[in-house]
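Here the protein sequences line up with chains A and B, keeping their order. Mapped onto the numbering used here, the consecutive letters of the first sequence carry residue numbers 8 to 344. Mapped onto the numbering used here, the consecutive letters of the second sequence carry residue numbers 2 to 555. Just so it is clear, CB atoms sit at the ideal spot from N, CA and C, and this is done for glycine as well. Here the structure is a predicted model, which means the values were calculated and not measured. Please read the structure below before turning to the comments.
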Amino acid sequence: MNAKATCTLLSLAAGMSSACVMADEPRTLTVYTYDSFVAEWGPGPGIKEAFEARCGDCRLEFVALSGGVDLLQRLRLEGGSSAADVVLGLDMNLMAEARALDLLAPHQVDLSPLTLPVDWEDPIFLPYDWGQFAFVYDSEVLPDPPGSFAELLDAPDDLKVIIQDPRTSVTGLGLLLWMKRVYGDEAPAAWEKLNDHVLTVTGGWSQAYFSLFMNGEAPMVLSYSTSPAYHMAVEETERYQAAEFGEGHYLQVETAAMLESSEHPALARDFLDFVLTPGFQRHIPLGNVMYPAIDIGEERPAVFDRLIEPESVTFTPEEVQANRREWIREWLNASTR
Amino acid sequence: MASEALTAGKASPHGRRRLTQLPLWAGLTALAALVGLGLGSLGALLVQAPGISMASLWQEPYLAGVLRFSLWQASLSTLVSLGLAIPVAVALARRRRFAGRRLLLRAMELSLVVPSLIALFGLVAVHGRQGWAAPLWEALTGSQEGYLYGLSGIVLAHVFYNLPLAARLLLQELERAPAAHWRLAAQLGLKRRGIWRTLEWPALKRLLPRLAALVFTLCFTSFAIVMTLGGGPASTTLEVALYQALKFDNDLALAALLALTQLTICLGLWGLALSQGGAPSLAVGDGSAPLGGRWQRRDALGISRLTDTFWLLGLALLLLPPLVAVVVAGLGGLADLAHQASLWPALWRSLVMAAGAGGLALTLGIALIAGHGWLAARGKRLAAGLMEGSGQLILVLPALVLGTGLFLLLRPRLGGGWQGYGLVVLVNGFMALPFVMQVLRGALLGLPMAQRRLADQLDIQGVTRFRWLLWPRLRRPAALAMAYAMTLSLGDFSVIALFGSPSAPTLPMLLYQQLGSYRWQTAAATALILLATVAALFVLLGWLTRRLPRYPLR
Chain A
8 MNAKATCTLL SLAAGMSSAC VMADEPRTLT VYTYDSFVAE WGPGPGIKEA
58 FEARCGDCRL EFVALSGGVD LLQRLRLEGG SSAADVVLGL DMNLMAEARA
108 LDLLAPHQVD LSPLTLPVDW EDPIFLPYDW GQFAFVYDSE VLPDPPGSFA
158 ELLDAPDDLK VIIQDPRTSV TGLGLLLWMK RVYGDEAPAA WEKLNDHVLT
208 VTGGWSQAYF SLFMNGEAPM VLSYSTSPAY HMAVEETERY QAAEFGEGHY
258 LQVETAAMLE SSEHPALARD FLDFVLTPGF QRHIPLGNVM YPAIDIGEER
308 PAVFDRLIEP ESVTFTPEEV QANRREWIRE WLNASTR
Chain B
2 MASEALTAGK ASPHGRRRLT QLPLWAGLTA LAALVGLGLG SLGALLVQAP
52 GISMASLWQE PYLAGVLRFS LWQASLSTLV SLGLAIPVAV ALARRRRFAG
102 RRLLLRAMEL SLVVPSLIAL FGLVAVHGRQ GWAAPLWEAL TGSQEGYLYG
152 LSGIVLAHVF YNLPLAARLL LQELERAPAA HWRLAAQLGL KRRGIWRTLE
202 WPALKRLLPR LAALVFTLCF TSFAIVMTLG GGPASTTLEV ALYQALKFDN
252 DLALAALLAL TQLTICLGLW GLALSQGGAP SLAVGDGSAP LGGRWQRRDA
302 LGISRLTDTF WLLGLALLLL PPLVAVVVAG LGGLADLAHQ ASLWPALWRS
352 LVMAAGAGGL ALTLGIALIA GHGWLAARGK RLAAGLMEGS GQLILVLPAL
402 VLGTGLFLLL RPRLGGGWQG YGLVVLVNGF MALPFVMQVL RGALLGLPMA
452 QRRLADQLDI QGVTRFRWLL WPRLRRPAAL AMAYAMTLSL GDFSVIALFG
502 SPSAPTLPML LYQQLGSYRW QTAAATALIL LATVAALFVL LGWLTRRLPR
552 YPLR
């Protein structure tokens, strides 16, 4: 069955009166991304407007999925027949697996404007923002947060933290890698100590942050070092801050990449060129609550100067791909005992 | 539906036979659609999966533990939910007038749809370590540890969701008892025990097996609640393992194995449930008399005043505070929400989709029950059971598997434009079927013998029979069923998240977008709008199908 027939059939089946809009109209760039990116207040609308103004007669169409993992899975399922021209939102820990699919094309963008805390020379994945995982704490309840993992592990048992599950969440996986980077072979023992402080392990970031942390269930939650920027800039409160850990913080870099199968490769390249310009980047700090990938000077909101600036630690994407299952098993063993 | 007196031996003209077979064909069509979609998507996954090793289920300690915990928490949640729902429903049926009864009923309908993240917020605000109930708990037990994290929290949240649903459906079953029975009970001077033995228990017994299967399925497949309140990876359910296999590890074989396991367990349970309970009693109410109405119940006096108060107060304390917490949080965000241009289009989009899903679920539900009735009336119990059981198939199948399977089936293009929405409507409609069928079953199958005979003698069949005989008694249950189905679709995020969407969100998607970007107060306001919409839907549908004096002869 061809695409058009499927489309008509489905609209009929569902009783939708509206005509079926095909994605392959001339000069429409389809970008797969995650849902908070396309929100009304997210970076999506501003970027769409700026890009459409830049390219003239083209249209930018976002398709939103739940998160980076879903993006990867969608690419895997669609293979060479994906409707996407560009995929936006695969982070470092998913890169190796996405690369192995052999569906992505080199970006050919000049990487010199990048201001990441690490060197970046990847020919396929183009960074568009970055941040660090961190424990955000409520300064009204916890005036003296731990200054390192060691202090957190040795804190009295009544200091509780909320973390996320590495099997289902990006931040949870981030913590797993962070602990592994800091403690290496000692990670299982460290996990056993950390678990004394864990109030609960949620499936996703939203449950942890919204349902529990904002309800005051625990004074600390696993989140991003940039989270306080939102509270300071939008809610105008200094109450929530990130704890700076002496061992360094695990880095998260989010990337864009174009698909080999894109029907509009020139337009897709155009878009990737646009990613590292102020027109795109100015929407990142408050829209996505992450650091922009280039220096945007005055346009970076002042609250970003008041965030913690710890050292960054990482594994390479290949190390993550090779060891993730084993490390998750290790964590399960340490946490179900 | 009961067109059972297609009297044997009497030769009917060809066209007439076709008309009386209408329920069968309607049922078969619905069955084909369900089984096609369900098994089709599972099959698509199986084809892609390399080799499946059944043995890993009990040989791998991790999976065995996951399976054990899933079964344990679901059984416990079901037992507690139903065990408490029975006295609550009985008390509600006995007390037909008290201040706040309607409000309580509305709240019971609402609890089903509160998106799990929002329900969690409400539950945590009330039962959490810093919750409203925490000082009381501390005074009682002297412990600061609380009870929300761990198995007790999981069960509490499941009871919060399922007790109101179960009690609401049980109440409906109790209220269907004909006025004549209550008159007789009053004349015989039956007291509490007598009424329970002769009227209440027989009515509840009919529904309980199916209800237990439904609640068990819902608890068995629960995801966010178990993960958030479970406390750690020791509380891992099959759904979580499945998510991990399908999304993070791309292990299709394991995903298919887990899906098959879930399917086997839940369908097995449904099979057991459907084989119990049998056909509903034939002498059920004619539905026209005011329910039980004017007959004074002797058991409504004395000690039962006290116990009923206890149960109803308990229900209110379980149900209302978390909802109030959500409302309070939501009011704070309303001002922000008013500035969001995407709110009203999102609400409208959600309503249209919900109406589609509700209509679909209602149509399919009626068709399946009609087919079931037709077969059962002819003594084909197995086929009848299969037809009814197929309605539960989609709910039992993990949404992730359904979504991935459908995706594989409908490749290459899916997700952009309206196809995605259409598919969501389709899947939502199918998922609501078990709820719809619970509500409709009694009304459709319980046509009194006398009316049925008369209709057969007058040769009223097919659409006419439906319109004039069934619809009058069906309209109110149909409204409730429609409201439940629409509500489920309105609150659904799991399915729509599977297919992705253009940047135009539905209401739950908007809510998750807000949560994903720190706007939790606005999200609470969106949840408030969602709750208000659902409440309005129940009221509106109830009002549209209220009894009008259109059939003066009854």
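- Item | Extent of the continuous alpha helix (DSSP H) to which B:Met438 belongs | In the second sequence, residue 438 of chain B corresponds to position 437, counting from 1. It spans Leu434 to Leu446 - the alpha helix (DSSP H) in which B:Met438 sits, taken as one unbroken run.
- Query: chain B partners of A:Trp334, CB-CB under 8 Å?
  - Reply: Start at 1 with the first residue of the first sequence, and residue 334 of chain A comes out as number 327. Within chain B, no residue comes near A:Trp334; the closest Cβ sits about 12 Å away, beyond 8 Å.
- Item | Residue-level contact to chain B via CB, A:Glu32, 8 Å cutoff | Position 25 of the first sequence, counted from the first residue, corresponds to residue 32 of chain A. Per-residue confidence for A:Glu32 stands at a pLDDT of 49, beneath the threshold of 50, marking its modelled position as unreliable; no derived number is given.
- Item | Positions along the region 287–312 of chain A whose CB lies within less than 9 Å of some CB in chain B | Gly294, Asn295 and Val296
- Report yes if the C-beta distance between B:Ala498 and B:Leu512 is below 8 Å; otherwise report no. Stepping through the second sequence from its first residue, residue 498 of chain B is reached at position 497. Stepping through the second sequence from its first residue, residue 512 of chain B is reached at position 511. In this structure, B:Leu512 does not lie closer than 8 Å to B:Ala498 by Cβ.
- Query: Thinking just about the alpha-carbon of each residue, which of A:Lys200, A:Ile335 and A:Glu254 is nearest to the one in A:Arg188?
  - Reply: For the purposes of this step, residue 188 of chain A is identified with residue 181 of the first sequence, where counting begins at 1. The option with the nearest alpha carbon to A:Arg188 is A:Glu254.
- Message: Applying the 10 Å Cβ sphere with the 16-neighbour rule, what's the burial state of B:Arg207?
- Response: Your numbering for residue 207 of chain B matches position 206 in the second sequence. Buried: at least 16 other Cβ atoms inside 10 Å.
- Message: So, with DSSP's three-state summary, where would you put A:Glu326?
- Response: Start at 1 with the first residue of the first sequence, and residue 326 of chain A comes out as number 319. Here A:Glu326 sits in helix by DSSP.
- Item | Boundaries of the beta strand (DSSP E) in which A:Glu251 is found, first to last residue | Walking along the first sequence from the start, residue 251 of chain A turns up at place 244. Looking at the DSSP string, A:Glu251 is not in any beta strand (DSSP E), and its letter there is neither H nor E.
- Message: If the criterion is Cβ atoms closer than 8 Å, does the pair B:Ser78 and B:His128 meet it?
- Response: Here residue 78 of chain B refers to the residue found at position 77 when the second sequence is read from its first residue. Here residue 128 of chain B refers to the residue found at position 127 when the second sequence is read from its first residue. Cβ distance not < 8 Å, so B:Ser78 and B:His128 don't count as in contact.
- What is the rounded straight-line gap between the Cα of A:Phe69 and the Cα of A:Glu267? The sequence position of residue 69 of chain A within the first sequence is 62, counting from 1. The sequence position of residue 267 of chain A within the first sequence is 260, counting from 1. A:Phe69 and A:Glu267: Cα-Cα distance of roughly 18 Å.
- Item | Under 9 Å from the C-beta of B:Gly232: neighbouring residues of chain A | For the purposes of this step, residue 232 of chain B is taken as the residue at position 231 of the second sequence. By Cβ distance, chain A contributes Val205, Leu206, Thr207 and Val208.
- Message: Does B:Ser495 pass the burial test, meaning 16 or more other C-beta atoms within 10 Å, or should it be called exposed?
- Response: Along the second sequence, read from residue 1 onward, the residue named residue 495 of chain B stands at position 494. With 16 or more other Cβ atoms within 10 Å, it is buried.
- Item | Short-range partners of chain A found in the region 114–140 of chain B, where Cβ spacing is below 7 Å | Leu118, Leu121, Phe122, Val125, Ala126, Gly129, Arg130 and Gln131
- Message: Checking 8 Å against the spacing of the C-beta atoms, do B:Gln514 and A:Ser319 come in under that value?
- Response: As a first step, residue 514 of chain B must be located in the second sequence, where it is residue number 513. As a first step, residue 319 of chain A must be located in the first sequence, where it is residue number 312. No, the pair does not count as a contact, with Cβ atoms beyond the cut-off.
- Message: Against A:Gln214, what residues of chain B qualify as contacts under a CB-to-CB distance less than 8 Å, listed in chain order?
- Response: Reading the first sequence from its first residue, position 207 is the one you call residue 214 of chain A. Leu118, Leu121, Ala225, Met228 and Thr229, listed in chain order.
- Item | For A:Pro134: DSSP bridge partner residues | Start at 1 with the first residue of the first sequence, and residue 134 of chain A comes out as number 127. Paired residue(s): A:Thr262.
- Query: If you draw a straight line from the alpha carbon of A:Ala30 to that of A:Ala90, how long is it in whole angstroms?
  - Reply: Residue numbering aside, residue 30 of chain A sits at position 23 when the first sequence is read from its first letter. Residue numbering aside, residue 90 of chain A sits at position 83 when the first sequence is read from its first letter. At A:Ala30, the pLDDT of 43 sits below 50, so the modelled position is not reliable; the number obtained from the coordinates is stated separately. Roughly 7 Å separates the two Cα atoms.
- Test: B:Leu409 CB closer than 8 Å to a CB of chain A: As a first step, residue 409 of chain B is located in the second sequence; it is residue number 408 there, counting from the start. With 8 Å as the cut-off, B:Leu409 counts as an interface residue toward chain A.
- Message: Could you give the first and the last residue of the continuous alpha helix (DSSP H) run that contains B:Glu174?
- Response: Locating residue 174 of chain B in the second sequence gives position 173, counting from the first residue. First-last of the alpha helix (DSSP H) with B:Glu174: Leu152 to Glu176.
- Query: With B:Leu369 and B:Ser391 assumed to form a contact (beta carbons below 8 Å), what rounded beta-carbon distance in angstroms separates them?
  - Reply: Working through the second sequence from its first residue, we reach residue 369 of chain B at position 368. Working through the second sequence from its first residue, we reach residue 391 of chain B at position 390. Right, the Cβ-Cβ distance comes to about 7 Å (below 8 Å), so this counts as a contact.
- Item | A:Ala112 versus B:Ala246: straight-line alpha-carbon distance, rounded | Along the first sequence, one-based indexing puts residue 112 of chain A at 105. Along the second sequence, one-based indexing puts residue 246 of chain B at 245. So the alpha carbons of these two residues sit roughly 27 Å apart.
- Item | Close beta carbons around B:Phe161, own chain, < 8 Å, minus the five adjacent residues each side | Here residue 161 of chain B is taken as the residue at index 160 of the second sequence, counted from 1. Taken in chain order, the residues that qualify are Ser112, Ala120, Leu124, Leu319, Leu320 and Pro323.
- Query: Could one say the Cβ of B:Gln514 lies closer than 8 Å to chain A's Cβ atoms, at least one of them?
  - Reply: If you number the second sequence from 1, residue 514 of chain B lands on position 513. Cβ-Cβ to chain A under 8 Å: yes for B:Gln514.
- Task: List the residues of chain A whose Cβ lies closer than 7 Å to the Cβ of B:Tyr162, in chain order.
- Result: Position 161 of the second sequence, counted from the start, is the residue given in the question as residue 162 of chain B. What B:Tyr162 touches in chain A: nothing, since even the nearest Cβ is about 15 Å away.
- Query: Shorter than 8 Å from the beta carbon of B:Tyr519 to some beta carbon of chain A?
  - Reply: To locate residue 519 of chain B, count along the second sequence from 1; it is residue 518. Interface residue, yes.
- Message: Measuring only the C-alpha atoms, how far is B:Thr8 from B:Ala384?
- Response: In the second sequence, the residue the question calls residue 8 of chain B occupies position 7. In the second sequence, the residue the question calls residue 384 of chain B occupies position 383. Residue placement at B:Thr8 cannot be trusted, given a pLDDT of 38 that sits under 50; the coordinates are not used to answer.
- Task: Rounded to whole angstroms, what's the CA-CA distance from B:Trp312 to B:Ser57? Just pull it up for me.
- Result: Here residue 312 of chain B is taken as the residue at index 311 of the second sequence, counted from 1. Here residue 57 of chain B is taken as the residue at index 56 of the second sequence, counted from 1. Roughly 45 Å separates the two Cα atoms.
- Message: So with CB distances below 7 Å, who are the chain B contacts of A:Met221?
- Response: Translated into the one-based positions of the first sequence, residue 221 of chain A becomes position 214. The contacting residues are Trp521.
- Message: Contact defined as beta carbons within less than 8 Å: I believe B:Pro509 pairs with B:Pro62. What is the distance between those atoms, to the nearest angstrom?
- Response: Counting from one through the second sequence, the residue named residue 509 of chain B turns up at place 508. Counting from one through the second sequence, the residue named residue 62 of chain B turns up at place 61. At roughly 37 Å, the Cβ-Cβ gap does not stay under 8 Å, so B:Pro509 and B:Pro62 are not in contact.
- Message: 8 Å is my cut-off, CB to CB: does B:Gln245 come that close to chain A?
- Response: Position 244 of the second sequence, counting from 1, holds the residue named residue 245 of chain B. Interface residue, yes.
- Item | Cα-Cα separation, A:Glu193 to A:Gln171 | The sequence position of residue 193 of chain A within the first sequence is 186, counting from 1. The sequence position of residue 171 of chain A within the first sequence is 164, counting from 1. Rounded to the nearest angstrom, the two C-alpha atoms are 21 Å apart.
- Task: Please classify B:Val48: is it buried, with 16 or more other beta-carbons within 10 angstroms of its beta-carbon, or exposed?
- Result: Within the second sequence, numbered from 1, the residue matching residue 48 of chain B stands at position 47. Classification for B:Val48: exposed.
- Item | Collapsed DSSP secondary structure at A:Arg66 in the structure displayed | Start at 1 with the first residue of the first sequence, and residue 66 of chain A comes out as number 59. Reduced to three states, the DSSP call for A:Arg66 is strand.
- Message: Can you give me the C-alpha to C-alpha distance between B:Arg194 and A:Arg81, rounded to a whole angstrom?
- Response: Working through the second sequence from its first residue, we reach residue 194 of chain B at position 193. Working through the first sequence from its first residue, we reach residue 81 of chain A at position 74. So the two alpha carbons sit approximately 59 Å from each other.
- Item | Span of the beta strand (DSSP E), counted from its first residue to its last, around A:Ser230 | Counting from one through the first sequence, the residue named residue 230 of chain A turns up at place 223. Start and end: Met227 to Tyr231.
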